[in-house]
Amino acid sequence: MSEVLIRRARQADLPAIVAMLADDVLGRAREDTRMPLTQAYLDAFAAVDSDPNQLLAVMADGADVIGTLQISFLAGLSSQGAWRGQIEAVRVAANRRGERLGQRLLEWAIEKCRERGCRVVQLTTNKSRLDAHRFYERLGFKASHIGYKLDL
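Add 367 to a position in the sequence shown, counting from 1, and you land on the number used in this note's numbering.
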């Protein structure tokens with residue numbers, strides 16, 4: 368095994384990222400892994416990559432992308448103008464689960480939020496992802512709010 372590192376994602380990482388997003392029951396229904404990737408993925412990557420308040424990261428072992436997440440840095444007036452780090456799309460490649468790579472990825476993301484001056488790190492996870500709930504609680508996250516989404 369090469370040295371595992373976490374870095375900003377590159378466009379060349381997109382096929383691996385999309386494959387991880389699609390690698391479960393929920394993801395299979397909403398992602399399209401056919402190559403070449405649709406233009407929507409390329410456009411979304413360009414928007415995220417050019418926004419200083421977005422960080423799409425990958426965990427790599429040599430040339431293999433084995434994990435990903437996205438952090439959105441959110442300014443707000445509540446809590447006396449506190450910045451928040453919103454973590455989304457946390458994934459570890461199926462063949463690498465059980466190695467505590469997800470914990471390492473989340474700890475890295477939390478540190479990035481600290482470096483940016485965030486006072487809160489928040490995330491949402493689908494109600495059906497019971498293993499993810501236990502994982503986040505083990506890392507100290509609290510299920511303190513109820514989240515809602517509206518598909519448009």
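In this text, a Cβ means the ideal position worked out from N, Cα and C, and glycines have one as well.
With respect to the C-alpha of VAL487, the residue from GLY452, ASP518 and TRP475 having the closest C-alpha is GLY452. Rounded to whole angstroms, the separation of the alpha carbons of ALA424 and ARG397 is 21 Å.
For LEU468 and LYS494, the gap between their C-alpha atoms comes out near 22 Å.
Contact between LEU422 and LYS479 holds: their C-beta atoms lie close to 6 Å from each other, under 8 Å. Restricted to the segment 378-444, the beta strand (DSSP E) segments that are unbroken, complete and at least 3 residues in length are 421-428 and 431-441, listed in chain order.
Bridge partners of LEU490 according to DSSP: ILE454.
Excluding five sequence positions before and after SER439, the CB atoms of its chain that fall closer than 6 Å to its own CB belong to GLN421 and GLN453, given in chain order. For LEU372, the enclosing beta strand (DSSP E) has its first and last residue at 371-375.
Apart from sequence neighbours up to five positions away, no residue of its chain approaches PRO419 with a beta-carbon distance below 6 Å.
The residue among VAL459, TYR503, ARG483 and PHE502 with its C-alpha nearest the C-alpha of ILE373 is VAL459. Sorting ALA411, CYS485 and PHE508 by C-alpha distance to the C-alpha of LEU444 places CYS485 at the top. Per DSSP, GLU482 is one residue of the alpha helix (DSSP H) stretching across 468-482.
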